Amino acid sequence: MQQQNDGGRPWDDGVFSGIEQIYLTRVEAICSIQIEYDRNEQFVWSVKHGGDGESTTTRIRLDYPHEVLIFICGYYGSINRDEGSKVIKSLTFYSSRGKYGPFGEEIGTFFTSTTTEGKVVGFHGRSSLYLDAIRVHKQHWLGNPTPVKSSLFKMFS
Numbered sequence: 001m002q003q004q005n006d007g008g009r010p011w012d013d014g015v016f017s018g019i020e021q022i023y024l025t026r027v028e029a030i031c032s033i034q035i036e037y038d039r040n041e042q043f044v045w046s047v048k049h050g051g052d053g054e055s056t057t058t059r060i061r062l063d064y065p066h067e068v069l070i071f072i073c074g075y076y077g078s079i080n081r082d083e084g085s086k087v088i089k090s091l092t093f094y095s096s097r098g099k100y101g102p103f104g105e106e107i108g109t110f111f112t113s114t115t116t117e118g119k120v121v122g123f124h125g126r127s128s129l130y131l132d133a134i135r136v137h138k139q140h141w142l143g144n145p146t147p148v149k150s151s152l153f154k155m156f157s
């Protein structure tokens with residue numbers, strides 16, 4: 001389940017073939033996210049979701065199509081003492097090859113996208129000056145993260 005506040009404007013990038021790279025900006029919280037998607041072997045950028053303030057930029061580049069995003073997790077909470085305004089404070093991305101992050105402070109309430117089998121093929125959420133909420137679109141993934149030799153050994157041993 002992802003973060004449950006209702007601040008910011010909703011956005012939905014839709015569903016794509018895969019994800020090539022992600023740009024995050026952050027200060028005291030995640031300011032923005034922008035994703036480069038694969039749409040039938042043509043790479044397209046999403047709009048930048050979130051604010052443009054002075055921030056640190058992080059690039060997460062996957063070895064797509066050999067590496068796919070499988071789930072995300074993070075923390076959300078208040079930026080200051082205003083308990084009514086909760087935003088994404090930290091994000092961690094898990095791929096078929098490992099972990100990217102955490103990006104930002106792991107303070108607040110933990111959330112995670114579903115860990116059911118599949119690959120992330122798009123994002124949706126809400127944003128304003130910050131990234132207020134994030135969710136994923138998933139698709140069943142036919143990739144085999146386990147080497148074939150290892151699988152055959154287990155079957156016949």
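What the sequence shown shows, in the UniProt record's numbering, is residues 1 to 157, in sequence order. We treat Cβ as the ideally placed atom computed from N, Cα and C, and that holds for glycine. What you are looking at is a predicted structure, and each value in this text was computed from that prediction instead of being measured.
> In whole angstroms, what is the alpha-carbon distance linking residue 59 and residue 85?
Replying inline: If you number the sequence shown from 1, residue 59 lands on position 59. If you number the sequence shown from 1, residue 85 lands on position 85. C-alpha separation (whole angstroms): 27 angstroms.
> Per DSSP, residue 133 is paired with what?
Replying inline: Taking the sequence shown and counting its residues from 1, the one referred to as residue 133 is at position 133. Partner(s): 126.
>> Between residue 76 and chain D, is any beta-carbon pair separated by less than 9 angstroms?
In response: The displayed structure is made up of one protein chain only, and chain D is not part of it.
> Taking the continuous beta strand (DSSP E) assigned at residue 87, which residues delimit it?
Replying inline: Position 87 of the sequence shown, counting from 1, holds the residue named residue 87. Per DSSP, residue 87 belongs to the beta strand (DSSP E) from 86-95.
> What whole-angstrom Cβ distance do residue 92 and residue 56 have, given they're in contact under 8 angstroms?
Replying inline: Here the question's residue 92 lines up with position 92 in the sequence shown. Here the question's residue 56 lines up with position 56 in the sequence shown. 16 angstroms between Cβ atoms; not a contact.
> Ordered along the chain, which non-local residues of its own chain (more than five positions away) have a Cβ less than 7 angstroms from that of residue 28?
Replying inline: Taking the sequence shown and counting its residues from 1, one reaches residue 28 at position 28. Here the set comprises 79.
> Which residues bound the beta strand (DSSP E) around residue 112?
Replying inline: Taking the sequence shown and counting its residues from 1, one reaches residue 112 at position 112. Residue 112 -> beta strand (DSSP E) spans 109-112.
> Quick one: is residue 136 buried, meaning 16 or more other Cβ sit within 10 Å of its Cβ, or exposed?
Replying inline: Against the sequence shown, residue 136 aligns to sequence position 136. Buried, since its Cβ has 16 or more Cβ neighbours within 10 Å.
> Between the C-alpha atoms of residue 36 and residue 21, what's the straight-line distance to the nearest angstrom?
Replying inline: Position 36 of the sequence shown, counting from 1, holds the residue named residue 36. Position 21 of the sequence shown, counting from 1, holds the residue named residue 21. Answer to the nearest angstrom: the Cα atoms are 5 angstroms apart.
>> Quick check: the Cα distance between residue 63 and residue 127, rounded to an integer number of angstroms?
In response: For the purposes of this step, residue 63 is taken as the residue at position 63 of the sequence shown. For the purposes of this step, residue 127 is taken as the residue at position 127 of the sequence shown. Near 28 angstroms, if we compare the C-alpha coordinates of residue 127 and residue 63.
>> Here's a check: name, in chain order, each residue in its chain whose Cβ is nearer than 6 angstroms to the Cβ of residue 165, leaving out the five neighbours to either side.
In response: Because the chain spans 1 through 157 in this model, residue 165 falls outside it and cannot be assessed.
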